Amino acid sequence: MISPPTERLNPTGKWTNMPEVTIDTWSFYSRPFYWFAGLATLLILSGLLWGAHWLRSERKRKAVQAALEHQLSFHQTLFNAMPIPVYVITLKGELDSYNNAFSAFFPEHLREAMHFSLFDRRHPLAHIFPAIQHEVQLGLTPDIIITHPLALHNGIEERTILHWMVLCRLPTTLTPVLMCGWQDITESRQLVEKLQNEKEQVKDASQESSASLPCSSHDVRTSVSAILGFLELIFTRRQTAEEDQQCLKLAYATAQSLLGLNVDTLPGNVKAVPQAIRILIAEDLPANRQLLRRQLDTLGYAADEAKDGAEALKLIQQQRYDLLITDLNMPVMDGITLTCRVREYDTRMVIWGLTANLVAGEKERCLASGMNLCLFKPLDLSQLATALCEINIPQPGSSLDEFLNMKIFTALTLGDKKLMRQMLEQSRVENEKDIAAARAAISGQDWRLAQYHLHRINGTAQILGATAIHATAEQLENALAAGEPEAVLPQGIDELTQQLQALSAAIIFFSSQADYH
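See the structure below:
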């Protein structure tokens with residue numbers, strides 16, 4: 001039997017089949033794969049970190065650049081905002097930069113010469129550069145300011161300036177530069193010269209007054225002798241009532257002439273010039289009221305009377321007074337309380353306190369309550385006359401036009417009368433505070449503090465357009481800045497005080513047109 005071909009091949013197929021071999025591909029390629037994946041991950045992370053670092057650095061760079069640009073803009077604005085000329089030069093005299101005030105100081109035709117070196121005579125600063133060069137040759141220390149009073153021609157006229165310079169502190173790799181500038185003190189010097197001339201005139205007048213004192217002394221002795229003679233006749237001789245009355249009249253007339261002589265020869269030739277002012281006396285003792293009223297009458301002043309503070313306050317509320325003279329210790333309402341009540345609605349009235357109490361701190365207590373002056377009893381006629389001469393009361397017809405440019409001031413306030421009064425009253429109050437603080441600082445030789453308050457007064461005067469006060473305050477401020485206080489004190493501060501008092505009087509008169517009550 002013949003078997004099929006498949007069966008014939010089957011026995012041999014058992015020996016010819018391929019073995020089943022399993023190949024693990026992962027075991028062959030896993031290690032390179034891990035290396036590749038790790039390197040790729042590391043590369044990606046490095047790229048991300050570098051990108052984050054670059055982004056952070058770029059943001060920081062932009063922030064620093066913006067801050068630097070802001071700082072440069074701020075410094076440039078500050079540089080140009082300075083009202084005094086400021087410029088920067090190299091040690092070789094090359095002009096590096098300057099502010100707007102420097103450019104405005106010179107006319108147009110001189111500004112074209114600014115590109116020349118300061119050695120060049122065509123430069124406007126050529127004739128003051130030798131002073132700068134001399135200091136450079138002597139050796140400069142950074143941050144140390146050196147000043148020189150110099151004369152500088154601005155192309156129109158010669159001006160007196162206080163020139164200053166300082167060596168800037170820079171890295172050694174940069175070229176050293178000088179920062180310089182000046183302050184125009186022409187008007188200040190002129191005012192100082194004027195004050196010096198007035199000082200000489202006062203000195204001459206004082207010498208003439210001293211020469212006349214022997215004659216005055218003789219007149220006083222003669223009058224006193226006559227009075228004593230008349231009184232001796234009354235007390236030592238038997239006379240009729242008519243004769244005694246005649247002696248009293250003669251003694252009184254002689255005393256009146258002596259009183260007039262005494263007023264004429266007050267220290268500094270101070271004379272009480274009667275003003276059209278309304279005076280109120282608040283005193284609980286009738287004798288003291290009568291004495292004070294007689295003294296005022298002798299000096300040419302009329303006064304109303306009140307027996308205590310409450311009555312005085314009632315009179316003040318009914319009519320306007322320019323001066324209140326009040327005793328401190330009174331029944332019902334004392335002088336301190338009266339002053340506080342008045343100051344609640346009236347800051348312009350001049351208030352004097354009278355006291356016989358010499359306890360320490362009494363004067364300070366009076367001034368703290370709002371009084372303008374504290375006087376101690378007994379008050380003689382010369383003290384009263386001197387005090388009356390030192391007050392400034394607004395007179396009918398007083399006008400702010402004498403002190404301010406009212407046209408500009410009205411335009412500044414848009415013609416608003418209420419705003420004008422508010423600005424004027426505020427300036428008056430601030431000026432009174434500043435001049436008092438300046439005088440106190442000058443007494444203590446605190447020139448820096450005095451200069452600060454004078455600068456405030458100067459600024460207020462410029463805003464109001466008070467040119468005379470502005471000139472005086474600026475002259476004092478410049479003198480203190482230049483370290484020359486003795487050149488303007490005390491005459492300059494006294495003149496400024498008088499100017500401010502006169503302006504305050506005009507402001508009070510202007511404000512009195514409104515209803516205060």
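The opening position of the sequence shown corresponds to residue 1 in the UniProt record's numbering, with each subsequent residue numbered one higher. Ideal Cβ placement from N, Cα and C applies to all residues, glycine included. Since the structure is predicted, the reported quantities are computational estimates derived from the model, not experimental observations.
Three-state secondary structure (DSSP) at V488?
coil
List in chain order: all unbroken beta strand (DSSP E) runs of 3+ residues lying wholly within the segment 308-364.
323-327 and 350-355
Just to check my reading of the structure: L379 and L354 have Cβ atoms closer than 8 angstroms, yes? What is that Cβ distance to the nearest angstrom?
7 angstroms
The segment 100-118 in contact with the segment 51-66 per 3-pair CB rule at 8 angstroms
no
For M420, which residues from the same chain have a beta carbon less than 6 angstroms from its beta carbon, with the 5 sequence-adjacent residues on both sides left out?
T413
Taking the C-alpha atoms as reference points, what is the distance between R405 and Q498?
Reading off the sequence, residue 405 comes out as Asn, not Arg. Looking at the two C-alpha atoms, the distance is approximately 19 angstroms.
Evaluate contact between the segment 442-454 and the segment 503-512, counting only Cβ atoms and requiring at least three cross-stretch pairs below 8 angstroms.
no
Run the CB neighbour count on P142, radius 10 Å, all protein chains shown included, and call it buried at 16 or more, exposed below.
exposed
For Y34, does the three-state DSSP call read helix, strand or coil?
helix
Could you please give me the residues that DSSP links to T386 through a beta bridge?
The partner list for T386 (beta bridge, DSSP) is empty, contrary to what the question assumes.
Check whether the Cβ atoms of L162 and T186 lie closer than 8 angstroms to each other.
no
Does G444 have its Cβ less than 8 angstroms from a Cβ in chain C?
Reference to chain C is not applicable here, since this structure consists of a single protein chain.
Short check: CB of T326 to CB of L338, under 8 angstroms?
yes
Residue nearest to E200 in terms of C-alpha spacing, selected from A502, Q501, Q491 and S504:
Q491
Touching by the beta-carbon criterion (3+ pairs, under 8 angstroms), the segment 172-186 and the segment 90-97
yes
Which ranges would you report for the alpha helix (DSSP H) in the segment 120-159 if only whole runs of at least 4 residues count?
129-138
How is the alpha helix (DSSP H) around M420 delimited, first residue to last?
K417 to S443
CA-to-CA distance, R365 to residue 536, given in whole angstroms
Residue 536 is absent from the model: the chain starts at 1 and stops at 517.
Which listed residue (I493, G465 and A466) has its alpha carbon closest to that of N478:
I493
If you run the structure through DSSP and keep just helix, strand and coil, what is D304?
strand
Quick check on this structure: which residue in A502, G155, R111 and N329 has the alpha carbon closest to the alpha carbon of F403?
A502
Measure the beta-carbon distance from A303 to I336 and round it to whole angstroms, keeping in mind my assumption that it falls under 8 angstroms.
About 21 angstroms separates the two Cβ atoms, so there is no contact after all.
Taking all protein chains shown into account, decide if S504 is buried (16 or more other Cβ within 10 angstroms of its Cβ) or exposed.
buried
Would L454 and A438 be called neighbours here (beta carbons separated by less than 8 angstroms)?
yes
Is the beta carbon of P286 closer than 8 angstroms to that of D308?
no
Taking all protein chains shown into account, decide if P83 is buried (16 or more other Cβ within 10 angstroms of its Cβ) or exposed.
exposed
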